[in-house]
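Here is the structure we will look at.
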Amino acid sequence: MAIAPLKFLISLPPRLAIAWFRRKGHQITWDWEEMLEESHNRAFTVAKAAKLDILQSIRDAFTQALEEGQTERSFRQNLEPILKQKGWWGRQTVEGPDGEEEVQLGSPYRLRTIYRTNLQTAMMAGRHAELAENVDDRPYWQYVAVLDARTRPTHRQLDGLIFRHDDPFWNSFYPPNGFNCRCRIRALSQRDIDRRGLVVGSSEGLLTQDTALLSQRSGLTVPTAVYRGAEGAVRPDPGWSYSVAQGQQEPDLRRLDPDLAQQYREDEGDG
Numbered sequence: 001m002a003i004a005p006l007k008f009l010i011s012l013p014p015r016l017a018i019a020w021f022r023r024k025g026h027q028i029t030w031d032w033e034e035m036l037e038e039s040h041n042r043a044f045t046v047a048k049a050a051k052l053d054i055l056q057s058i059r060d061a062f063t064q065a066l067e068e069g070q071t072e073r074s075f076r077q078n079l080e081p082i083l084k085q086k087g088w089w090g091r092q093t094v095e096g097p098d099g100e101e102e103v104q105l106g107s108p109y110r111l112r113t114i115y116r117t118n119l120q121t122a123m124m125a126g127r128h129a130e131l132a133e134n135v136d137d138r139p140y141w142q143y144v145a146v147l148d149a150r151t152r153p154t155h156r157q158l159d160g161l162i163f164r165h166d167d168p169f170w171n172s173f174y175p176p177n178g179f180n181c182r183c184r185i186r187a188l189s190q191r192d193i194d195r196r197g198l199v200v201g202s203s204e205g206l207l208t209q210d211t212a213l214l215s216q217r218s219g220l221t222v223p224t225a226v227y228r229g230a231e232g233a234v235r236p237d238p239g240w241s242y243s244v245a246q247g248q249q250e251p252d253l254r255r256l257d258p259d260l261a262q263q264y265r266e267d268e269g270d271g
């Protein structure tokens, strides 16, 4: 499933997406399940990028791609030789938390996922900042899915729903709602609602919490929001029950690796 159409992404204020991404700290993780949901708003991570220079190289390459509007192909072509030179490529036997383990490090597929996931979250965060600046004129937000053969049924089910910008629905269902999610938000005025005969909903009494299986390998389950609307219950993909606008704040440097904490201070001009 592709990311949102390039024409749409280009129309967003890149300064807002870039600012959101730059505010992230760093976090080294071994498995992607170690850092979930709004934690991704506070820190940039790549599973099994166990050395700071590897993580920093990937982050620098993506920041450059975001600032320059690079395509996925250009991002991969620029980053792949760097990672190969540093030895972070292909299947290797490496020392993990539980001893030696054969793992997949860098690959074209992993770089594609890194690019698409970070681009979509940064762009949707930038879009949120833009929407928030205009809620006096356009206080209603409509969920818009890409309705084609690749659209997930749950995302298709959300298409067209309209809530006020401050409805709790958006705390869990503001896109993206999964890896490679292409959904977006359309802002509407009262005049738009009246002219088109649209219905503004409310999630009051329709939002609940459940658990969902995150990983077959580990058996890990995570809390997941459930919206029980007219067409039945719908939930974000496991691990995506949050909004990219939530929780981004100064990272708790006490919880970061000392080298990462120092790198963050230097990035912010405090070192």
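1 is the number of the first residue of the sequence shown in UniProt numbering; add one for each residue after it.
From the three backbone atoms N, C-alpha and C, an ideal C-beta is built for every residue, glycine too.
{"query": "Cα-Cα separation between Gln190 and Gly178, rounded to whole angstroms", "result": "30 angstroms"}
{"query": "Start and end residues, beta strand (DSSP E) containing Arg228", "result": "221–229"}
{"query": "Neighbourhood of Thr211 by C-beta distance below 8 angstroms, restricted to the same chain and skipping five residues each side", "result": "Thr221, Val222, Pro223, Thr224"}
{"query": "Residue ranges of each beta strand (DSSP E) within the region 117–182, 3 or longer", "result": "140–144, 162–164"}
{"query": "Residues near Phe75 in its chain [Cβ-Cβ closer than 8 angstroms; skip 5 each side]", "result": "Ala61, Phe62, Ala65, Leu111, Tyr115"}
{"query": "Per-residue DSSP class, three states only, for Asp210", "result": "strand"}
{"query": "Nearest residue (CA-CA) to residue 276, options Ser57, His165, Ser203", "result": "The question about residue 276 has no answer here: the residues shown for the chain are numbered 1 through 271."}
{"query": "Burial state of Leu147 (16 or more Cβ within 10 Å)", "result": "exposed"}
{"query": "Beta-carbon proximity list for Cys183, same chain, < 6 angstroms, skipping 5 on both sides", "result": "Ala145, His155, Pro175"}
{"query": "Assigned exposure category for Tyr109 - 16 Cβ within 10 Å defines buried", "result": "exposed"}
{"query": "C-beta contact flag for Ser243 and Asn180 at 7 angstroms", "result": "no"}
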